[in-house]
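For reference, the structure is listed below as structure tokens.
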Amino acid sequence: MLINPQILIIIMGNNNAIISFITGNEHKVNEVRNIFETKNVKYQIKQLDLNPIEIQAENIKEVAKYKLNSIRNQVKGSCFIEDAGFFVDSPLHGFPG
Numbered sequence: 011m012l013i014n015p016q017i018l019i020i021i022m023g024n025n026n027a028i029i030s031f032i033t034g035n036e037h038k039v040n041e042v043r044n045i046f047e048t049k050n051v052k053y054q055i056k057q058l059d060l061n062p063i064e065i066q067a068e069n070i071k072e073v074a075k076y077k078l079n080s081i082r083n084q085v086k087g088s089c090f091i092e093d094a095g096f097f098v099d100s101p102l103h104g105f106p107g
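For any residue, its number in our numbering is found by taking its place in the sequence shown, counting from 1, and adding 10.
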């Protein structure tokens, strides 16, 4: 069995002082805040729980883009979505499991 984990973060927007993280998961928010602090990223993280539409697709980039576009008109300023997928080649033939 071949396991192919994929992680992708898509960031859209401009260089504002505040960037919105679209998630309902407080643990993810704290994790991103810690990463930004250790990497000296000059953004403040604002959590928004907007329930973006999630599709089933064969690659994580397509899923993340769709989610981001589904909430795009609800957010003012810069925002990002974090998404991860676990793809199993057999028996699911690479489809997310």
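The C-beta atom is built at its ideal place from N, Cα and C for all residues, glycine as well.
Cα separation between residue i and residue j?
i	j	result
GLU121	LYS71	Any answer about residue 121 is impossible in this case: the structure gives the chain only from 11 up to 107.
GLU68	ASN83	26 Å
LYS49	GLN66	32 Å
VAL42	LYS52	13 Å
Given residue i, which residues of its chain have a CB within under 6 Å of its CB, disregarding the five upstream and five downstream residues?
i	result
SER30	LYS56, LEU58, VAL85, CYS89
GLY34	ASP59
GLU47	none
Are the Cβ atoms of residue i and residue j separated by less than 8 Å?
i	j	result
ILE32	GLY87	no
Apart from the five residues just before and just after residue i, which ones in its own chain have a Cβ nearer than 7 Å to its Cβ?
i	result
ILE45	none
LYS77	PRO62, ILE63, GLU64, ILE91, ASP93
GLN54	ALA27, ILE28
ILE81	ILE32, LEU60, PRO62
LYS38	GLU92
Answer yes or no: does any C-beta atom of chain D fall closer than 8 Å to that of residue i?
i	result
GLU64	Of the chains in the structure shown, none is chain D; there is only one protein chain.
For the ligand HEM, I want to know if residue i counts as a neighbour, meaning its beta carbon is within less than 7 Å of at least one of the ligand's heavy atoms.
i	result
PHE96	Within the structure as shown, the ligand HEM is missing, as the structure has no ligands at all.
Which runs of the beta strand (DSSP E) fall wholly inside the stretch 31-92 and span at least 3 residues, in chain order? 54-58
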